[in-house]
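The next block holds one structure in the form of structure tokens; read it before the comments.
Protein chains in written order, with the working numbering: chain A, 80 to 933; chain B, 47 to 315.
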């Protein structure tokens, strides 16, 4: 509490005294171009390109599939400007809401994967100089960039005539993911006839993996052309895309770190003939064609219409195995902790320390086992009497596909409601079709694989057809690149109508934002599988939701540079399809009760924007109700895969944000950003447990989640930094960051009576089972240095040299996130049997770049 | 104009660079089945060092070489494989599941004995990695941890499995422990025909009795986890192959799957 009063004092009393002499001036709703060092230097190559995400379990996977950029929003908000990048190392998102609360648009078109709610940042990876946030819409700043009632909505205007004319050439070298990056971009500027065009290509490659087993490659392109007709009409066509290949880094057990002493240990790869090969490789390419038309009626009103089509894919490989030992080197049975005899414990530890083939994937072993894996398939390919024999794969590398088609339209109108009262309104329509299926990516030396669901084998005595993934062609023999397993289409649509206006009357101002939306989704199975012949093929029940929401903001200007504001918002939002379908890979079943999630929020803040001091202080409260989730895992008590369909999730987010950029002597700036959050679940959740193979309901349980902290990113973070810009065009900054109040993502199953019984919840063991692990406080230090050389011949030409070093102290144990495994030891209730997994960041990472503009 | 020439060159260079980052082509490793070590000890000699009811750790760097004759392919054997050479067979306890992928029937395996333990379970001689004294009344062998498999077992080429030794029920004694044997002209006793091999529903093992034409009996023991447990025993007479095993003084036969049972002839009268 003391620190809270101190902060309140600093932000309320001190600035008033400092700014007493400044004349009052209306700043609300003005688009100010601020060139001070609050803002990150424009980086050609940003750090988020290199992030690799942990894979802890399927449930986490769906949250982490999309790479998260650290800052693409609200650059004019001092808090985001200061903390956006500095807090990104530990994946802190605004107010703990994740990225779902932020809307990112390109020329007014929302860029969101409707199938799972993640942003499509990767669609323009490497093209950062073009895809820059032009305007943001936040609670403290209204613009035409759509609305996001609980977060930020940002728009990137990529039309060539809005880009800086000239040629940009860039080269970056470093040890973050990709080692080499290239960029070439050129923009013509507006010709006398009204034409303007732009072209850019970028590439990145890690010729030498900087993180063992992790290589990243990417290529991207942008083509754009505009035609200005008359004074107020512009038509633009853009075509862009980015092909990205990324190897995943797996989360690891504490035991592995103890044995190997290496926080960078990554069990996802192994040597194959001397070459590092990662089993979890993702590849995505989602090119987009975008047509935009803008019509200006007057200086105060315009209409912008955008239509876009995207088609591409997001794939990820992984190992699949049939009647063979688990290939993962850190599988619990392979570790010393599985041994009860101290001698064997020690022998196992030493074997892991001394033999790299035991601690990494053993590709040679997979080939060797496949070589000897002779089998005979009777009635192969559904043909009676057709027997196929040969090397039937025990291990394969499979490719999990999501083929995406998106059709999008957005219209934005900005106009005058009455004198000096602007409003903007718009509608966006999104339609997405995602085709999910698997193919055989590599047979690893075998001759074939069979389209069977091995998890259904236990059903065979009663139902011989249970193991068939495709009843129309049973016992299908699979060769390289053949499609197999699940095969379904998820169709999502979303329409959003929004309106906002704001007015400033004297010292008082208000703003109102409203939205009305509809959305829906359905699954269409393309194969009938043996487990659910009637529920797997064909369309599912179609979900349809109507949502609405609104936000009201009131502000009071205290003097020209400072103001107070109050805001409150209420919103309903639909659940994601993967939180409604219980097991979309096998059937059409959905949660019994499906409802909108409701969020109410309130915040108050204090804002200072002067040339010497920029600061925002906010207190916020947010309540989420009726959220849903579905998790699936192997249940040791039921001896089978089960699904937990969880509903009634409530969350309370309470917090304080404060940031300050103060100009000290000369060009010295002091920056600080503080976030003190308190995010907890505050309802008792309800789960219906079903057997994955039969959909039979086993039980209905409560999850005792009340007052449990929300796991994931740190809830408390502080950044302190200095920067300096010299007259010789040097710029440097150093920031120290402190993180605390971070809990691991906890397993809801452990917080049920069935998991705990008969352990006494108050006993030490009971507490160990119930209390989520709090992760240790952490610090990191980042440095950035740049120098600009201005061309003597051409005033617009310049050469930029820059170097950024993250984690300057080379802390190898910078913990990004951790999660309890979903699998739980129902026999002995030992939390360590399926121990939590941790994901660590890279040690010191550096990127140097040279960019030339002429 | 000057700029345009530069632009074109730039594009060409960049496109060339883009082509550098192509997909890696992983080499396919050779089928590197290890050169099997020469045996310097026979399985018979190894077993002769065991005293029933005791545990002996092997201290010398000896190697035995044998062929896998049984594994957990149908889950009738659990966490163990059976290896035999021309002199005898032995059961090796391995702490893993799906062992049949690693050690298919017919695979030649060299076993480095140094550090391993000899012991017995109901007089069936086994090799393991240590002695479990957690229940002092019934000490038992620890199976070899999966992580240590390659330290003790070297895999060789896979050939066809050895011919089963043709024996009579009355011949069967400790010399035949853990060997693949074949009995001719035998049938399930009348009370055990048309019954399931084991109780798959409750995962319980069951004994069925096999009899030759002279009225000599031997137990056929099958695990309730065996994939063929729910199948029914035949009523006719014929041959049966299996691994000879003992439990105390009870002589047992354990089959790998039902193709080991070939009974198509009329029963003895």
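Glycine included, C-beta positions come from ideal geometry on N, C-alpha and C.
Remember, it's a predicted structure, so these values are computed and weren't measured experimentally.
Select from the options the residue whose C-alpha is nearest the C-alpha of residue i.
i             : options                    : result
residue 333/A : 214/A, 369/A, 897/A, 932/A : 897/A
residue 419/A : 152/B, 87/B, 178/B, 275/B  : 178/B
residue 312/B : 154/B, 132/B, 258/B        : 258/B
residue 193/A : 512/A, 400/A, 446/A        : 512/A
residue 412/A : 473/A, 428/A, 607/A        : 428/A
residue 123/B : 137/B, 86/B, 90/B          : 137/B
residue 735/A : 768/A, 795/A, 717/A, 727/A : 795/A
residue 961/A : 648/A, 667/A, 647/A, 650/A : Absent from the model: residue 961/A. The displayed extent of chain A is 80 to 933, so no value can be given.
residue 647/A : 219/A, 175/A, 177/A        : 219/A
residue 130/B : 120/B, 140/B, 111/B        : 111/B
residue 540/A : 282/B, 104/B, 204/B, 276/B : 276/B
residue 594/A : 702/A, 571/A, 629/A, 182/A : 629/A
residue 377/A : 263/A, 586/A, 309/A        : 309/A
residue 53/A  : 384/A, 353/A, 357/A        : Outside the shown range of chain A (80 to 933) lies residue 53/A, about which nothing can therefore be said.
residue 755/A : 733/A, 368/A, 866/A, 297/A : 733/A
residue 788/A : 797/A, 823/A, 230/A, 671/A : 823/A
residue 915/A : 878/A, 927/A, 853/A        : 853/A
residue 566/A : 415/A, 549/A, 560/A        : 549/A
residue 315/A : 383/A, 597/A, 504/A        : 383/A
residue 115/B : 307/B, 245/B, 97/B, 146/B  : 146/B
Taking the beta strand (DSSP E) that residue i falls in, what are its first and last residues?
i             : result
residue 203/B : 199–204
residue 814/A : 809–819
residue 501/A : 500–521
residue 850/A : Looking at the DSSP string, residue 850/A is not in any beta strand (DSSP E), and its letter there is neither H nor E.
residue 245/B : Per DSSP, residue 245/B belongs to no beta strand (DSSP E) and is neither H nor E.
residue 214/A : 212–216
residue 225/A : Careful: residue 225/A lies outside any beta strand (DSSP E) and carries neither H nor E.
Report buried or exposed for residue i, applying the criterion of at least 16 other Cβ atoms within 10 angstroms of its Cβ.
i             : result
residue 206/B : exposed
residue 888/A : exposed
residue 665/A : buried
residue 227/A : buried
residue 180/B : exposed
residue 695/A : buried
residue 712/A : buried
residue 924/A : buried
residue 84/B  : exposed
residue 305/B : exposed
residue 466/A : exposed
residue 920/A : buried
Assuming the contact rule is C-beta atoms closer than 8 Å, residue i and residue j should be a hit. Round their C-beta distance to whole Å, please.
i             : j             : result
residue 260/A : residue 283/A : 4 Å
residue 324/A : residue 360/A : 6 Å
residue 529/A : residue 485/A : Incorrect: roughly 35 Å between the Cβ atoms, too far for contact.
residue 395/A : residue 365/A : Not quite, the Cβ-Cβ distance comes to about 14 Å (not below 8 Å), so this is no contact.
residue 143/B : residue 198/B : About 18 Å separates the two Cβ atoms, so there is no contact after all.
residue 689/A : residue 640/A : 4 Å
residue 577/A : residue 225/A : 6 Å
residue 251/A : residue 181/A : About 26 Å separates the two Cβ atoms, so there is no contact after all.
Which two residues bound the contiguous alpha helix (DSSP H) that contains residue i?
i             : result
residue 437/A : 435–438
residue 482/A : Taken as a continuous stretch (DSSP letters only), residue 482/A belongs to no alpha helix (DSSP H), being part of the beta strand (DSSP E) at 474–497.
residue 446/A : 442–450
residue 148/B : 145–148
residue 337/A : 333–339
residue 91/B  : 89–94
For chain E, find out if any of its Cβ atoms is closer than 7 Å to the Cβ of residue i; answer yes or no.
i             : result
residue 272/B : In summary, chain E is missing from the structure at hand, where the protein chains are A and B.
When you check each C-beta in the stretch 445–460 of chain A against every C-beta of chain B, which residues fall closer than 7 Å?
446, 447, 448, 450, 451, 452
Using a Cβ-Cβ cut-off of less than 8 Å, give me the residues of the stretch 178–206 of chain B that come near chain A, in sequence order.
178, 180, 188, 191, 192, 193, 194, 196, 197, 201, 204
Give, in chain order, every residue of the stretch 119–142 of chain B whose Cβ lies closer than 7 Å to some Cβ of chain A.
142
Taking beta-carbon pairs under 9 Å, can you tell me which members of the stretch 474–497 of chain A lie near chain B?
474
Near-chain A residues of the stretch 155–177 of chain B - C-beta to any C-beta below 9 Å:
161, 175, 176, 177
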